[in-house]
Each structure stands twice: as C-alpha cells, then as structure tokens.
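Heads up: the first sequence at position 390 corresponds to 418 in the numbering used here, and the numbers run straight through without jumps. Worksheet: one structure, shown below.
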Amino acid sequence: MARTWTNREVAELLRRIADMLEIKGEVIYKSIAYRRAADNIADLGRDLRAIWREGDLREIPGVGQALSKKLDELLSTGRLRYYEKLEEEVPAGVLSLLAIPDVGPKTVKLIWERLGILSVAEVERAAREGKLRQLPGLGEKSEQRILRGIELLHRRSERIPLGTAWPVARELLAALRQVLGVRKATAAGSLRRMCATVGDLDLLVSSSSPAPVMQVFGQLPQVERVSLSGETKTTVIQRNGLQVDLRVLPPERYGSLLQYFTGSKSHNVKLRGLALEQGLSLSEYGFKRGEEEILCPREGDVYRMLGLQRIPPELREDRGEIEAAAEGRLPALVTEGDIRGDLHCHTDWSDGAASIEEMALAAMERGYEYLVISDHTQSLGVANGLTPERLKEQRQEIERVDARYPDFRLLQGYELEIKADGTLDFPDDVLAELDVVIASVHSGLRQEREKITQRVLNAVRNPHVDIIGHLSGRILGHREPSEVDIPEVLREAAKTGTIIEINSIPDRLDLEDIYVRRAVGLGVRLAINSDAHSVGGLDMMRFGIATARRGWAEAKDIVNTLPVGDLLALIG
DNA sequence: GCCGTTTTCGGCCCGACTGTTTTCAGTCG
C-alpha cells in the first residue's frame, strides 16, 4: 500500500522542491509558486486527501494544472518521480547548507560545484582552511560571516513559543522607549500576528533621529553582537541566540512601517499587488504614485488607501482576509473583553499551586463572572488526581467559597482522563454529578492514528463530557502532536455539540489556529481556557484568545463569552 | 508554476545592508 502523506509532509516536500529548483537556477517564480502551494496546503485545516478524493485539488489556491497532477501522483502512488529525479541532481546534503544564515542558493551552488561540499561540517572545515575566500565573489569577510552563521546555526534553538518571546520583547521595547526622541516602540512580525511560535523579533521605533536609538540598542546588556547596522535598520544577536531586528522611521511614516513589518510576507505581497492595480507602489515608506509620495502615519491609512477594511494583525496570513476586507465582510473577532469566565484551571487539590479561594479571587480581579475549578482525576497519579471521594470533599470547599462571593459563580468540574485503553476515568454516575466535564488525553499519545482517534471520539460521544481539552497534546519544542484525526473529531463534535477547547498555555496553543478556522466553519462550539496551574497562569488567556482570533473566531463561537446561566443551560 | 472585471501570455513586491565590486549581486525580511 502506498504510504500516506500528511498535509505537513506534502508541504515540506514542495518546499524542498522549491529549494532544489532555486539552487539549480530555475526562474525564481517557479520556486515561489511551489512555496505558495506548500503554505496553502499546510494551512488547509482539513485532510488534503479528502479534497483529492471528493473534489478538485485546484480548489486550493496556488495549485494549478501542473501541481495538481504531481499531487495526484504523490497521493495515489506515495511517490513523486519528479522529486526523485531532482534528488539525483541536487543531493540532500546540498539542501542542508541553506540552513546556514547568510548563505542562500547562489552561494550553496558555488560551494557545492566548486568544492564538492555536501554538509555543514565540510563548509566549516573549508572556511577554516581559507578555501572559501578563493571562490569568485567570496572574500575573507564572507568566509568569516559564514563561520559565524554556522556557529549561530548550532547554537540557536528552533522557533520559540509566543509566550517566551512576549516578555523578552516587552523588556527591549521598554528600554527603547527611554531613548530621547522616541515617540512609539512596537513589536511587529510574527509576534504581533500572535503566531504560536516566533523565529526572531522585529521591533519598530518612531523617531526623527534614529542614530541614538541604534546606538542604545546595540549596547543593551542582552546583546551579544551587532550583526548588521545601517541608518534605519540594525540587527543584533542576543546572548540566548535570538535575533532581533530594529527599524526606525519618523512618525509620518510609522503607519506604513508598522504595516510592512507586521507581515506576513505573503499578505504583503498580495497587498502590494493590489496597490499596483491601482497605480500605486507600496513600501515601508508609504505609497508612491509616480513621483508623488503619500505618507501613512497610521497603519489604518494603508488599508484605507487600498479600499480595504483595517485587517487585524492576527488575520494577516493571506488566508482570504484581503478578499474579505475588500468586500467589507471581515469577522468581528473575539476580544479579551468578551470573555466572561475561565472553564479550566487547577488548584492545590491536584497539581496546581494556589488554593481554590486564591484562584477565585484572582478570577474576580480579572473581571470574570465565573470560574470552573477543574483538577485532574485519579488516573493521572503524577498530578495527584482526585478520586470520587476527594471530589466530594472538594465540592464542599468550592460551595463554601462560592457562598462568600454572591456576585461571582464558582463551579466544580474536572479534567477527566481519557485512559490509554479508551475508557474514561469515572463511571457515568460520577460524571453526571458535576457542572463541567473536560476530557483530555495525557497518556498513550504515541498511539497509532486509528486508535487514538477512536479514544477521543468515544469521549466526544459521551453525553456527560462537555469539553475536549488540548486535543492534539502537542508541547511546542518538546512533543509533536499526537496522530489524532482532528478534522474527524471536529466533524463529530459538530454533531454532538461537544465543546472543543482552545488551550491557552503558550507552549500548547491547542487547538491550532488552522483547526480553529475549520471548527468555526463547521459550527463547532469552542472554549478558550487558561488551564492555569497558578494565579499568574490565568493571564495566559490572552494567548488563547489570540489563537482563536487567528482562526477567525467571533464571540458567538466561544462559549465562555456567555453569561453563566446561558453557559450552564448550553452544557446541560 | 500560477493566474486573469484591464491579460490565456506576460507579468509575478520592494527596499536595506554587505561585500567585493568599478556598477551590482546576494541575502534577508
């Protein structure tokens, strides 16, 4: 039987082809086309094979005749001869050289053809032996730059979670705001778009005198070295290996600067194409019509000029938002102010740090109307999971605290184990007693697709289960998502009315944005939960909200925007 | 290789910075 390809793997294959074509020196637009198709396939939110079987692959933007034929071969035979042929021309080792910062396809081709090099280690050796500087177009400085690039490649970790990047950016921005003449300082790039992970930081400053800003920036204690510095742009590498880019422009150009560096790249490419159609040229400096400049001090000016609604940063991925903005039908995305309560948190009754009352008070401070205490159940021994007996004791404590605060509702739920054998941790009569039941997988995450999907579907179909917690089980940077068939679970949840959680813990952000979008499309109810294990953990809600927004979710799609009475009526 | 209320062929975003160059190519975002 032909091997099955996941969307992610297909996208990865197409990106490799794009790299190979670029190294071969094919016209760049071919590579761009392959990458665009790869992005769109990775973002589908449903199984590529389903579209292949039930429809036309050319429904996918960026997939035309040639690519649909290749994808058809790949999906039906599990192989792609075109790729295999390319592999003979451009060995895998050559592709691996592209990972070196400041080394692109042209340099790779040069090093490979002239020196026969097939690995990063060999490049390093050649650089140390002074062989690279002998190549045409490369000199001593390039050689040193490549060596530094290799060092960075070894040291820097993968993309870092949003929740880790956030405080780092805040600290840097606070320092930049101290510089004389600085009007505004903002994080842009994937951080502003609230992507689950961030590769580097893009910081923007509004000031008419960039020089002192650049100087201060280069000398911050976090900075290990300045890798690039010009009049409007400086790039530094932090001690932790993180790259931070800074751009400075005067206030009258700040809107176009912010728009441009927020991205995404594909969003901007489309926007600029739109500008061209209107006889305009758009860059970070503003619009140009011939020689005439049209400046944009505010970001909204850029979109207004193009006849578009202002597009929230979280949507700027070229996933249809520009078309929607042109027709005035952007969604009214859920906001922090819409959230009335948190349905998932832990206390010191299981593996949380705070008491029930401390969590309740913290929820009230955040303006919530209700909070669900949802500790782990017995099978999760490592987390001191609750037995039915301790659950009853806890109920008394929850009722006692609840009675103390008449304007606030404290509810009891729990995070129920979906056990490795597919059964639930409690029998139905125990399940029936509580306000909110969240069912989650914490074990057997490596089970094969069919088995783990059935376990979750079993929980979805149980009438006592209200919510499915962190569906994929991924931990960014540590654990890949399980093989659970997410589109299938979403379809079933739409039928049964089961709520799917958007878990806000920054290295989970699970449901992923592309599946949030799919869920919204299917009419699945969603909950944005902090899964807090401490008082401070409640604040992670903002990352869950951002993920919901990236999935085009409105308040009506999110159950914890409801008043408590409506919520309880909904989950029965 | 894709795509089309200006096109089924001829376009395909725009600029900063660096290095090895005598006017520009490569890389990056």
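Using N, Cα and C, we set each Cβ at its ideal position, and we do this for glycine too.
Subject >> Three-state class that DSSP yields for Arg253 in the structure shown >> reply: strand
**OP:** Find the nearest neighbour of Ala216 within the set Leu208, Lys447 and Leu232, judged by alpha-carbon distance.
**Re:** Leu232
Subject >> Where Gly564 falls: helix, strand or coil (DSSP) >> reply: helix
Subject >> Trp33 versus Asp47 - alpha carbon distance >> reply: 20 Å
Original post:
Using the C-alpha atoms, what's the distance from Asn486 back to Thr524?
Top reply: 11 Å
Original post:
Quick one: Cα of Val429 to Cα of Leu343, how far?
Top reply: 41 Å
**OP:** Spatial neighbours of Pro359 within its chain, please: CB distance less than 6 Å, with the 5 preceding and 5 following residues excluded, ordered by chain position.
**Re:** Trp580 and Glu582
Original post:
Should the stretch 69–85 be called in touch with the stretch 139–152, which here means at least 3 C-beta pairs below 8 Å?
Top reply: no
Subject >> DSSP state of Asp84 mapped onto helix, strand, coil >> reply: coil
**OP:** Kindly indicate which residue of Leu166, Val131, Glu157 and Gly121 has the alpha-carbon position closest to the one of Gly144.
**Re:** Gly121
Subject >> Any 3 or more C-beta pairs closer than 8 Å across the stretch 157–177 and the stretch 187–197 >> reply: no
Original post:
Got a sec? Which residues, its chain only, sit under 7 Å from Asp376 by beta carbon, not counting five neighbours each side?
Top reply: Ala382 and Ser383
Subject >> Member of His492, Ala597 and Pro189 whose CA lies at the smallest distance from the CA of Ala460 >> reply: His492
Subject >> Where the alpha helix (DSSP H) through Lys479 begins and ends >> reply: Arg477 to Arg489
**OP:** Report yes if the CB atom of Gly291 is closer than 7 Å to the CB atom of Phe571, and no otherwise.
**Re:** no
Subject >> Alpha-carbon to alpha-carbon, His374 and Ile128 >> reply: 43 Å
Original post:
Which of the three DSSP states, helix, strand or coil, is assigned to Gly28?
Top reply: One cannot answer for residue 28 here, as it falls past the ends of the chain, which runs 29 to 600.
Original post:
Cβ atoms of Ala522 and Ile528: under 7 Å apart, would you say?
Top reply: no
**OP:** Put Tyr433 into one of helix, strand or coil per three-state DSSP.
**Re:** coil
**OP:** Take Asp366 as the anchor and find which of Arg86, Asn68, Met569 and Glu312 has the nearest alpha-carbon.
**Re:** Met569
Original post:
Are the beta-carbon atoms of Asp463 and Leu444 separated by less than 7 Å?
Top reply: no
**OP:** Just mark Glu349 as buried or exposed, buried being the case when its beta carbon has 16 or more other beta carbons within 10 Å.
**Re:** buried
Original post:
What first and last residue would you give for the alpha helix (DSSP H) that runs through Ser294?
Top reply: Lys293 to Glu305
Original post:
Taking C-alpha atoms, which residue in Ala66, Ile45, Arg394 and Ser402 lies nearest to Ser124?
Top reply: Ile45
**OP:** Could you check which residue in Glu393, Ser284, Lys97 and Lys293 has the C-alpha nearest to that of Leu310?
**Re:** Ser284
Original post:
Is it true that the CB of Leu85 sits closer than 7 Å to the CB of Ala66?
Top reply: no
Original post:
So is Glu364 buried or exposed if we call it buried at 16+ other beta carbons inside 10 Å?
Top reply: exposed
**OP:** Please go through the same chain and pick out, in chain order, the residues whose beta-carbon is closer than 8 Å to the beta-carbon of Asn35, but skip the five residues on each side of it.
**Re:** Ile69, Ala70, Leu72, Asp75 and Leu76
Original post:
Distance, Cα to Cα, Tyr111 vs Thr260?
Top reply: 42 Å
Subject >> Between the CA atoms of Lys58 and Arg64 - distance to the nearest angstrom >> reply: 10 Å
**OP:** Give the DSSP bridge partners of Pro325, in chain order.
**Re:** Partner(s): none; Pro325 has no beta bridge.
Original post:
Is Leu595 buried or exposed, if buried means 16 or more other CB atoms sit within 10 Å of its CB?
Top reply: buried
Original post:
Which value, in whole angstroms, describes the spacing of the CA atoms of Leu201 and Leu361?
Top reply: 27 Å
**OP:** Report yes if the C-beta distance between Val131 and Ile51 is below 7 Å; otherwise report no.
**Re:** no
**OP:** Determine the extent of the alpha helix (DSSP H) in which Tyr62 is found, giving its start and end residues.
**Re:** Ile56 to Ala70
Original post:
From which residue to which residue does the alpha helix (DSSP H) around Gln287 run?
Top reply: Tyr282 to Thr290
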